[in-house]
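Student: Pasting a structure below so you can have a look.
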Ligand SMILES: [Zn+2]
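Numbering (the working numbering), first residue to last: -16 to 653.
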């Protein structure tokens, strides 16, 4: 959880600052409001700028090298970015790169020959000195540039300060579209470079965190040093990062075999080191748990670690997550991204749930493995509560809006809920084996994947066609709102129970097909059944060896849903009422509460009022439009004991001139 104190510090520093759904944790109400405002504002900005990079469509990037000199006092950077790429079509004469207009391109060479640059507002075209005739031609671009990076999204590049004696604090957070705010690139998550080198020159008193292995820190001009980070795994541009200040270093080891281990390297603010240490230590058990579930940590030949940055949440920068606080769930969420997000990156932004839904769900899996199934349940129950607020489809259609892309209740909470539901649909053993198959599939490892790719792995491993599941939950909207009726009657030594299930859903889909668990309780015990609900108004019959007193639809909360139901005579289960009926309340006389049941044969405005014997209205229990069906309402009086009258007025919407009134008496006893 983010502390308000930190939030205030950051607000007064004038940076873009807010929690997005990028991490899941509780927010202070003020922080949440602030976040909403910022996201709305940013959404507008993004819509206005129509972000969609069309750069580099004729090349495949294989390598990036960033050599950047950073000057906090002047808030400026300058440097050279080398891009090695192969052409993907014949006769390439021009290649486009992304770069914010805040940065100036000084010079570009292609294979060491000067090239002409045509500057656009958010990109530039390099005219090749000679046309690359053959597809597959390797080109080396050296792009010299300088400027004061612009800031977009969640604060793509920040010159900041921290501490009492204010120390420069420079950090980046490029997701989703901010890499070109500070370095020229082909900003497309679907084109990963095979490797990366980062060379940063800055004040000798500052430490620089970035991707891969720390190769060297060498003195430059007086007072400065150059830090070299080398990363030999494929990487998308939005996962390249810098974090620079006078960090304290906290290290740990992930011993992943009897003979091998990997360093965990944490760069934390000196003033945070005491608070940070015990939480960061949890990275070790987390790495073991995730490596067991998803396959060995994907960048094990290099490192994992964290660097504190000035943004309230966390960001899964490859091999070195940036974090704004030290929370167990935050650390677990960002670590899971190293598999889902970094090693396997969504092919295109509409599939962002493959990153965020997975990282969110992975926290639940971590809690289950480390603590208990109850911890998993409680985490998922809160995600499911949030998921009910989601509107739209998990597959994001408008990716120009940051608020859509990082919608906490939709992409994160409902995305995680889909995996939770999928687990129950295919069963634990298939689920965990399919999840590992996906995470270790050479088609996707260190590459990209789409929802269809993920679906295909689950279909292969389970041997089931799961299109119905993905269509309704990923491309569809909403969730089922179940209505049920049940009744029972003695039959021989047992009790016969009948249940009918229907659902009110939206239009897309109009029906959710799901396996649904049913549990019948009574006599201090229960009986469980599973049904496959694939059509409207299905009815099932079971026998149980006890007198039932209640029934639960999906008792373990595997399905994102609501469920309301009513007990009726067994012959009425699943039957539409033929007339307006107001039943005698039960129990009667009563104390402290009673239930009133009624039936509506057609859509009507229904009010149920309670009057005392002097005709004064003491309560209104219903006042709403209801469809045909059987209903019940409970009353718990607050006034005096004695006799009351309850009255139902039902006005058919089709015949408003024919209201129907029924009333009955009941006794509230001492
Ligand atoms: Zn995330």
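Every residue, glycine too, gets a C-beta built ideally from N, C-alpha and C.
Would you tell me roughly how many angstroms separate the C-alpha atoms of residue 231 and residue 188, rounded to the nearest one?
Tutor: Each residue's Cα considered, the two are about 12 angstroms apart.
Student: Considering only DSSP beta bridges, list what residue 85 is partnered with.
Tutor: Paired residues: none, contrary to the question.
Student: Taking the alpha-carbon of residue 274 as reference, which of 442, 380, 616, 420 has the nearest alpha-carbon?
Tutor: Closest by alpha carbon: 420.
Student: Regarding residue 299 and ligand 1, is the C-beta to nearest heavy atom distance less than 7 angstroms?
Tutor: Yes, the Cβ of residue 299 comes within 7 angstroms of a heavy atom of ligand 1.
Student: As a quick exercise: from 616, 587, 595, 614, pick the residue whose alpha carbon is nearest that of residue 641.
Tutor: Ranking 616, 587, 595, 614 by Cα distance to residue 641 puts 587 first.
Student: Quick check on DSSP: helix, strand or coil for residue 169?
Tutor: Correct three-state label for residue 169: coil.
Student: Please report the straight-line C-alpha distance between residue 321 and residue 397, rounded to a whole angstrom.
Tutor: Cα to Cα, the separation comes out at about 21 angstroms.
Student: Do residue 540 and residue 364 come within 8 angstroms of each other at the CB atom, strictly closer than that value?
Tutor: Their beta carbons are under 8 angstroms apart, which means residue 364 touches residue 540 by this criterion.
Student: Suppose contacts are defined by Cβ-Cβ distances below 8 angstroms. Is residue 128 in contact with residue 156 by that definition?
Tutor: Not in contact: residue 128 and residue 156 (Cβ atoms no closer than 8 angstroms).
Student: Please state whether DSSP places residue 79 in a helix, a strand or coil.
Tutor: Strand at residue 79.
Student: What are the start and end residues of the beta strand (DSSP E) that includes residue 213?
Tutor: That run of the beta strand (DSSP E) goes 207 to 214.
Student: Taking C-beta to C-beta, are residue 228 and residue 52 nearer than 8 angstroms?
Tutor: Not a contact, by the Cβ cut-off of 8 angstroms.
Student: Using a Cβ-Cβ cut-off of 6 angstroms (strictly less than) and excluding sequence neighbours within five positions of residue 65, which residues of its own chain qualify?
Tutor: Correct list, in chain order: 48, 125.
Student: Spatial neighbours of residue 278 within its chain, please: CB distance less than 8 angstroms, with the 5 preceding and 5 following residues excluded, ordered by chain position.
Tutor: 322, 419, 422, 423, listed in sequence order.
Student: Would you list the one or two residues that DSSP bridges to residue 477?
Tutor: Beta-bridge pairing links residue 477 to 474.
Student: Verify the CB distance criterion: does residue 652 have a CB-CB separation below 8 angstroms to chain B?
Tutor: Of the protein chains in this structure there is only one, and it is not chain B.
Student: For residue 610 and residue 558, I'd like the C-alpha separation in whole angstroms.
Tutor: Straight-line Cα distance between these residues: approximately 14 angstroms.
Student: Any heavy atom of ligand 1 closer than 7 angstroms to the beta-carbon of residue 320?
Tutor: Yes, the beta carbon of residue 320 sits closer than 7 angstroms to at least one heavy atom of ligand 1.
Student: How would you label residue 76, buried or exposed, when you count the other beta carbons within 10 angstroms and need 16 or more for buried?
Tutor: With fewer than 16 other Cβ atoms within 10 Å, it is exposed.
Student: Rounded to the nearest angstrom, what separates residue 650 and residue 312 at their Cα positions?
Tutor: Answer to the nearest angstrom: the Cα atoms are 53 angstroms apart.
Student: Measure how close the beta-carbons of residue 152 and residue 293 come, nearest whole angstrom, since I'm counting them as under 8 angstroms.
Tutor: Confirmed, Cβ separation roughly 6 angstroms.
Student: Since residue 635 sits in a beta bridge, which residues does DSSP pair it with?
Tutor: Beta-bridge pairing links residue 635 to 587.
Student: Return the CA-CA distance between residue 508 and residue 528, expressed in angstroms with no decimal places.
Tutor: Rounded to the nearest angstrom, the two C-alpha atoms are 10 angstroms apart.
Student: Return the residue from the list 60, 46, 89 that minimises the CA-CA distance to residue 726.
Tutor: There is no way to answer for residue 726, as the model of the chain reaches only from -16 to 653.
Student: Is the closest heavy atom of ligand 1 to the C-beta of residue 145 under 7 angstroms?
Tutor: No, the Cβ of residue 145 stays beyond 7 angstroms of every heavy atom of ligand 1.
Student: Using only the heavy atoms of ligand 1, determine whether one of them is closer than 7 angstroms to the beta carbon of residue 657.
Tutor: With the chain covering only -16 through 653, there is no way to say anything about residue 657.
Student: Which one or two residues does DSSP pair with residue 515 in a beta bridge?
Tutor: Answer is 498, bridged to residue 515.
Student: Entirely within the region 272 to 345 and at least 3 residues each: give me those beta strand (DSSP E) ranges in chain order.
Tutor: You should have 287 to 291, 304 to 306, 327 to 329.
Student: Would you say residue 494 and residue 482 are within 8 angstroms of each other, going by their C-beta atoms?
Tutor: The answer is no: Cβ separation not under 8 angstroms.
Student: Please state the DSSP three-state secondary structure of residue 619.
Tutor: Of the three classes helix, strand and coil, the one that applies to residue 619 here is coil, per DSSP.
Student: Please report the straight-line C-alpha distance between residue 618 and residue 653, rounded to a whole angstrom.
Tutor: Approximately 16 angstroms, taken between the alpha carbons.
Student: Output the boundary residues of the beta strand (DSSP E) element that contains residue 182.
Tutor: Start and end: 178 to 186.
Student: Just to confirm, is the Cβ distance from residue 544 to residue 492 under 8 angstroms?
Tutor: Contact: no.
Student: Give a single yes or no on whether residue 315 has its beta carbon closer than 7 angstroms to a heavy atom of ligand 2.
Tutor: Questions concerning ligand 2 fall outside what the structure shown contains, since the ligands it does hold are ligand 1.
Student: For residue 13, count neighbouring Cβ atoms within 10 angstroms of its own Cβ and tell me buried if that reaches 16, exposed if not.
Tutor: Note that residue 13 scores a pLDDT of 47, beneath 50, so its modelled location is shaky; the value from the coordinates is reported in the next line. Counting Cβ neighbours within 10 Å, residue 13 comes out exposed, since fewer than 16 surround it.
Student: Taking the CB atoms as reference points, tell me whether residue 224 and residue 145 lie closer together than 8 angstroms.
Tutor: In this structure, residue 145 does not lie closer than 8 angstroms to residue 224 by Cβ.
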